[in-house]
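Here is the structure we will look at, set down as structure tokens.
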Amino acid sequence: NNKFINYFKNYDFHNLYKELLNFCTVDLSSFYFDIRKDTLYCDSKNSKKRKDCILVLNIILEALLKWFAPILSFTTEEIFTLVHKDKKSIHLENFIQIPKIYFNQKLNEKWDVLKKIREVCNISIEEKRANKEIGSSLEANLIISLDDKKTSIVQDIDFSELCITSSATLEKNTSEEILVKTTKAEGNKCPRCWKIFQTSCKRCENAKIN
Numbered sequence: 082n083n084k085f086i087n088y089f090k091n092y093d094f095h096n097l098y099k100e101l102l103n104f105c106t107v108d109l110s111s112f113y114f115d116i117r118k119d120t121l122y123c124d125s126k127n128s129k130k131r132k133d134c135i136l137v138l139n140i141i142l143e144a145l146l147k148w149f150a151p152i153l154s155f156t157t158e159e160i161f162t163l164v165h166k167d168k169k170s171i172h173l174e175n176f177i178q179i180p181k182i183y184f185n186q187k188l189n190e191k192w193d194v195l196k197k198i199r200e201v202c203n204i205s206i207e208e209k210r211a212n213k214e215i216g217s218s219l220e221a222n223l224i225i226s227l228d229d230k231k232t233s234i235v236q237d238i239d240f241s242e243l244c245i246t247s248s249a250t251l252e253k254n255t256s257e258e259i260l261v262k263t264t265k266a267e268g269n270k271c272p273r274c275w276k277i278f279q280t281s282c283k284r285c286e287n288a289k290i291n
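Residues 82 to 291 (this note's numbering) are what the sequence shown spells out, left to right.
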């Protein structure tokens with residue numbers, strides 16, 4: 082946010098555009114939106130995770146509108162009036178202020194580790210897809226081997242959600258190298274979320290009931 086403010090002050094629209102494009106395509110489209118589609122579409126309407134996801138999307142939308150407003154004045158105004166029917170104009174709003182609580186170095190470092198693991202997982206998945214052993218990533222089962230340090234950092238993470246696979250398990254190894262084995266998931270394909278389970282998909286069953 083501070084970087085964008087400085088770009089505006091210095092009329093550095095070229096770098097502003099590059100930063101916004103990179104944020105939208107890399108951080109949002111190919112990462113956050115990609116791993117959150119399943120929660121938005123398939124979790125029950127009242128699930129806490131889904132509500133949290135919608136809250137984050139609203140925060141992202143508010144930030145993007147205010148970042149783009151000075152250079153896409155009419156487009157952002159149109160979107161803003163659709164989202165905030167009780168307000169007059171985005172150009173009468175204050176520029177976004179990011180709360181200090183959002184700055185969490187420890188969490189950033191954790192996500193750096195997670196992204197590295199996800200990258201290795203994606204390479205392993207793509208090899209199986211290239212060899213025609215699986216179709217989509219949802220047909221994959223991951224076995225991820227990590228050393229004690231990395232395991233302690235990511236042990237609360239559902240890698241099947243992060244890597245968009247049907248299942249994923251963690252194993253410990255003594256090497257610092259991230260090792261991933263991809264196999265074809267076995268079981269029945271859920272017609273609602275398309276994940277493959279040995280038994281029925283409890284999440285989708287509960288969502289349909291609720």
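Even glycine gets a Cβ: it sits at the ideal position worked out from N, Cα and C.
Judged by pairs of C-beta atoms under 8 Å, the stretch 190-203 touches the stretch 228-235, as three or more such pairs exist. When secondary structure is reduced to three states using DSSP, residue 223 falls in the strand class. Taking all protein chains shown into account, residue 249 has 16 or more neighbouring C-beta atoms within 10 Å of its C-beta and is therefore buried.
Non-local beta-carbon contacts of residue 254 in its own chain, meaning distances under 8 Å to residues more than five positions away in sequence, involve 226, 227, 228 and 260 in chain order. Selection 202, 208, 211 and 243 evaluated against residue 118 yields 243 as nearest (Cα-Cα). The C-beta distance from residue 102 to residue 85 rounds to 13 Å, too long to fall under 8 Å, and the pair is not in contact.
Note: residue 278 is bridge-paired with 269 in the DSSP secondary-structure output. For residue 181, there is no enclosing beta strand (DSSP E), as DSSP gives it neither H nor E. Beta-carbon to beta-carbon, residue 220 and residue 241 are separated by about 12 Å, too far to satisfy the 8 Å threshold.
Under the criterion of beta carbons closer than 8 Å, residue 162 and residue 149 do not qualify as touching, at roughly 15 Å. Nearest neighbour of residue 140 by Cα position, chosen from 121, 125, 177 and 257, turns out to be 177.
Straight-line spacing of the CA atoms in residue 266 and residue 184 works out to 38 Å. Taking the Cα of residue 190 as reference, the smallest distance to any Cα among 230, 169, 170 and 283 is reached at 230. The residues 273, in chain order, have a CB closer than 8 Å to that of residue 289 in the same chain once the five nearest residues on each side in sequence are set aside. Sequence-distant partners of residue 201 (beyond 5 residues in either direction) whose C-beta falls short of 6 Å from its own C-beta, in its chain, are 259 and 261.
Spatial neighbours of residue 146 in its own chain (CB-CB distance under 7 Å, excluding positions within 5 residues in sequence) are listed in chain order as 157, 160, 161 and 171. Non-local beta-carbon contacts of residue 199 in its own chain, meaning distances under 7 Å to residues more than five positions away in sequence, involve 243 and 244 in chain order.
In this structure, residue 284 sits near residue 124, with a CB-CB distance shorter than 8 Å. For residue 263, the beta-bridge partners assigned by DSSP are 223.
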